[in-house]
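Undergrad: Here it is, the structure, as structure tokens.
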Amino acid sequence: MDEYLVIVESPAKAKTIKRYLGPKYQVKASMGHVRDLPRSQMGVDIEDHYKPRYITIRGKGPVIKDLKSAARKAKKVYLAADPDREGEAIAWHLAHSLDIDDHSECRVVFNEITKPAIKEAFKKPRKINMDLVDAQQARRVLDRLVGYNISPLLWKKVKKGLSAGRVQSVALRMIIERENEIKAFIPEEYWSLVGKFRVGTEIFQAAFYGLDGKKTPLKTKEEVEGVLSRLSDQNFQVQNVQKKERFRNPVLPFITSSLQQEAGRKLNFRARKTMMIAQQLYEGIEIGKQGTTGLITYMRTDSTRISDVAKAEAKAYITDHFGERYLGKSTARPKNAENAQDAHEGIRPTSVLRQPKEIKEYLSNDQYKLYKLIWERFIASQMAPAILDTVRADLVQQGVLFRATGSKVKFQGFMKVYIESSDDKKNADSAPDKDNYLPELEDGMTAVKENTESKQHFTQPPPRYTEASLVKKMEEVGIGRPSTYAPTIDTIQRRNYVTMDAKRFVPTELGEIVLNLIVEFFPEIINIDFTAQMETNLDEVEEGKENWIAIIDNFYKEFSQRLSKAEKEMQSVTVKDEPAGIICEKCGHEMVYKMGRYGKFLACSNFPECRNTKPILKKTGVTCPKCGKGEVVERRSKKHRIFYGCDRYPECDFVSWDKPIQRQCPKCGSYLVEKKVKNGKAVQCPNCEYREEVQ
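In this text, residue positions in the sequence shown follow the working numbering: the first is 85, and each later residue adds one.
As structure tokens, this is what we get:
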């Protein structure tokens, strides 16, 4: 009985912690939750104050048996699951399964898996926080009451395999509402007018701003011609020259949502992939002689707060590598979002001295990319603001005003390390305000107009959501929490409520049918304000301000009435098969489009007599470069990744991840492909180094 037992969730985390605790500590993994609500039934006793009925998860019996055996031999058992609601619940379930007194000081928590953090945590064990546990139980019970009541209705009235949930239904609503906005959008014509001007020998650009001192939009070609007709000659007077020094403040350290957004934009990572890799970096990676080492702090957080120790280490690093001028001077604590729980620090490297390039050989390619992103973002957050010299000048003649703006970076500051990306492709990964070079301009100077160029434009509808922009919107309106964004997005895709087109969400017919039924019979489920308020209520349970049973009861009273009404009044909806205009080659009947688990597919209308099915192939109009007979079509891999192949497969086995085009390489004669690059597209040869940029 001279050994202590520590239980964590994963073997990787166990291995890392074991290094710091010494021989008197045995560290074992529970492999996540050991108890949960049953999958085959609701598992909530509504009559007994919504009491959850927990069971041992299938397959966890041997794990619990092993942990019980180790616990009996141990002097003391410590439960060291992750420092959030889910981790607290795992610790509570373990305490019940192993007969540990949950009022004893058996719980240890840490924000990072480093030796100082681990040692400090074990000096201050605490009781299991039942407010945290109750908040997690409340979410779990609430989701069961919604999902296990509405989903069977959808199965009965629409088709099997459907589901509905609090957060997923609101996310689906946002995607469908955006699609409806796009469909209803009426483009409006407008024109731009840009002039090239000369001062001495230097040429620069200025854009038309307005007439007679007022900003004037140009809506038609006639209005453009009217502006130009007012000009009497080529000479414009320079007026209102404004020269300013502008500061751009450094970015804040990552929180969960901003990490998912930026990894999506910069690294093309899905939210789920980002969190999976971040978990690996947090739990520990084998780093040569250093052994298994936790590389980042806990990655489920809504706080940008940083510890004083980490700030001091970053300050020393910045001073040594860039000079004192690059050091951020502000000591003010960054302001978190209103609904932030501030339970943990922002996401940062556990040590800035572990530079990405120095540990690259020990990381997978994806681990390296994400670690580098987190490391650079944190360093940049502790650096000085960037300083930009900006100039604005008006060029006027006959009341016609062109405005020239320009800027240049005077001092890079944090931009020397990191520039935040954007959902706007034009601004993604670019230094700010590099609009136009301007010569030295002074009031009263004459600028000579060299020429003007006018262009017709049309207003564009709001873009469809990407994963990054959907996470951002969910965070803004307050639905979900850091741990829920990725699984929510994953669920609506797996249910085939949405598909991805050019990395943007497109609702399916099935998704619209399901949402319409929920809107009609359960309006509060898809109400954004209601869902956001429920998240606030769950936060108050965590803070000990609210009773979780009262919150659930308040919700369920009205919900149960709506449920009874829906069971009586909801009409069955049939997702009709669409004629495909293709004849089945096996029996001669017409093929139809059917809705399956992974989207639409082709099937024979003579089912079940004929069971012929085919995937829907999207044609590209490009002749197969390998056989010259077939056509290149768009296909999907088992993981639903798009690739291109010959429609004569298996006779022809041509495949390509990049889209072939109907042109040959001028250098080697091979086929060319269209490849997505950071700032758009490029055409290149897969056989040689030939490449051309596409604007």
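Yeah, the Cβ is synthetic: ideal placement off N, Cα and C, and Gly gets one too. If you're wondering where the values come from, they're calculated on a predicted model, not measured in any experiment.
Go ahead and pull the three-state DSSP assignment for V761.
TA: Reduced to three states, the DSSP call for V761 is strand.
Undergrad: What are the boundary residues of the beta strand (DSSP E) that P663 is part of?
TA: That run of the beta strand (DSSP E) goes 662-667.
Undergrad: Taking E504 and V335 to be in contact with their CB atoms under 8 Å, please state how far apart those CB atoms are, rounded to whole angstroms.
TA: Confirmed, Cβ separation roughly 5 Å.
Undergrad: Where does W275 sit, in a helix, a strand or coil, going by DSSP?
TA: Note: W275 maps to strand in three-state DSSP.
Undergrad: Assign F288 to one of two classes, buried (16 or more other C-beta atoms within 10 Å of its C-beta) or exposed (fewer than that).
TA: Looking at its Cβ environment, which holds 16 or more other Cβ atoms inside 10 Å, F288 is buried.
Undergrad: Can you say whether D513 is buried or exposed, counting buried as having 16 or more other CB atoms within 10 angstroms of its CB?
TA: Annotation note: pLDDT 42 at D513 (below 50); position unreliable, no value reported.
Undergrad: In the region 693-779, which residue ranges form an unbroken beta strand (DSSP E) of at least 3 residues, counting only runs that do not cross its ends?
TA: Those beta strand (DSSP E) runs which fall completely within the region 693-779 and span 3+ residues are 702-707, 715-720, 726-730, 743-748, 755-761, 764-768, 775-778.
Undergrad: Does DSSP classify I139 as helix, strand or coil?
TA: DSSP places I139 in strand when its eight states are reduced to three.
Undergrad: Compare the Cα-Cα distances from L686 to each of R695, P692, M675, E693 and report the closest residue.
TA: The option with the nearest alpha carbon to L686 is M675.
Undergrad: Closest to G782 by CA distance: which of T543, L237, S567 is it?
TA: The structure shown does not extend to residue 782, since the chain is modelled only from 85 through 779, so no value can be given for it.
Undergrad: On the three-state DSSP scale, how would you describe A96?
TA: The answer is helix: DSSP assigns A96 an H, G or I state.
Undergrad: Is L163 helix, strand or coil when you go by DSSP?
TA: Strand, per DSSP.
Undergrad: Taking just the CA atoms, how far does F727 sit from Y774?
TA: Cα-Cα distance, rounded: 22 Å.
Undergrad: Measuring alpha carbon to alpha carbon, tell me which of R262, Y232, Y521 ends up nearest R123.
TA: Comparing Cα-Cα distances from R123 to each of R262, Y232, Y521, the minimum goes to Y232.
Undergrad: Just to confirm, are V251 and L277 a CB contact at a threshold of 9 Å?
TA: Going by C-beta atoms, V251 is not nearer than 9 Å to L277.
Undergrad: My guess is that G483 and D296 are in contact by the Cβ rule of under 8 Å, so how many angstroms apart are they, rounded?
TA: Confirmed, about 4 Å.
Undergrad: Quick one: is the Cβ of V555 within less than 8 Å of any heavy atom of the ligand SAH?
TA: For the structure depicted, the ligand SAH is absent and the ligand set is empty, with no information on it obtainable.
Undergrad: Tell me which same chain residues have a C-beta within less than 8 Å of the C-beta of V92, skipping the five on either side of it?
TA: A98, I101, V111, K112, A113, S114, A164, A165.
Undergrad: Can you give me the C-alpha to C-alpha distance between L437 and W459, rounded to a whole angstrom?
TA: Cα-Cα distance, rounded: 10 Å.
Undergrad: Can you tell which of A201, T304, R356, C190 has the C-alpha that lies nearest to the C-alpha of T572?
TA: Residue R356 is the option with its Cα nearest to T572.
Undergrad: To which residues does DSSP link I380 through a beta bridge?
TA: Note: I380 sits in a beta bridge opposite P433.
Undergrad: Determine contact between the region 488-496 and the region 443-452, defined as no fewer than three beta-carbon pairs at a distance below 8 Å.
TA: No, because fewer than three Cβ pairs between the region 488-496 and the region 443-452 fall closer than 8 Å, the two stretches do not touch.
Undergrad: Using the C-alpha atoms, what's the distance from T434 back to I197?
TA: About 8 Å.
Undergrad: Per DSSP, V561 forms a beta bridge with which residues?
TA: None, per the DSSP bridge assignment.
Undergrad: Quick check: what's the CA-CA separation for V393 versus A201?
TA: Distance between the alpha carbons of V393 and A201: 11 Å.
Undergrad: When we look at the beta-carbon of P167 and count the other beta-carbons within 10 Å, is it buried (16 or more) or exposed?
TA: Buried, because 16 or more other Cβ atoms sit within 10 Å of the Cβ of P167.
Undergrad: Within 10 angstroms of its Cβ, does V761 collect 16 or more other Cβ (buried), or is it exposed?
TA: The residue is exposed, with fewer than 16 neighbouring Cβ atoms inside 10 Å.
Undergrad: Whose C-beta lies closer than 6 Å to the C-beta of A424 among residues of the same chain, with five residues either side of it excluded?
TA: In this prediction, A424 has a pLDDT of 48, which is less than 50 and means its spatial position is unreliable; nothing more can be read from the coordinates.
Undergrad: Given 8 Å as the limit, is there contact between the region 595-608 and the region 640-656, that is, 3 or more CB pairs closer than that?
TA: A contact exists between the region 595-608 and the region 640-656.
Undergrad: With M584 as the anchor, note down where its beta strand (DSSP E) starts and where it stops.
TA: 582-585 is the extent of the beta strand (DSSP E) around M584.
Undergrad: Have a look at the DSSP bridge pairing and note the partners of T474.
TA: Answer by DSSP bridge pairing, in chain order: K328, S491.
Undergrad: Return the residue from the list V598, Y755, V767 that minimises the CA-CA distance to L256.
TA: Closest by alpha carbon: V598.
Undergrad: Do A464 and F331 come within 9 Å of each other at the CB atom, strictly closer than that value?
TA: No.
Undergrad: DSSP on L599, reduced to helix/strand/coil?
TA: Correct three-state label for L599: helix.
Undergrad: Within the continuous beta strand (DSSP E) that includes D134, where are the two ends?
TA: The sequence shown places Tyr at residue 134, not Asp. Unbroken run through Y134: none, as it is neither H nor E.
Undergrad: Excluding the 5 residues flanking T384 on each side, which residues of the same chain have their C-beta closer than 7 Å to its C-beta?
TA: Residue identity differs from the one stated: residue 384 is Arg in this sequence, not Thr. Closer than 7 Å at Cβ, skipping near neighbours: D168, T340, P566, S567.
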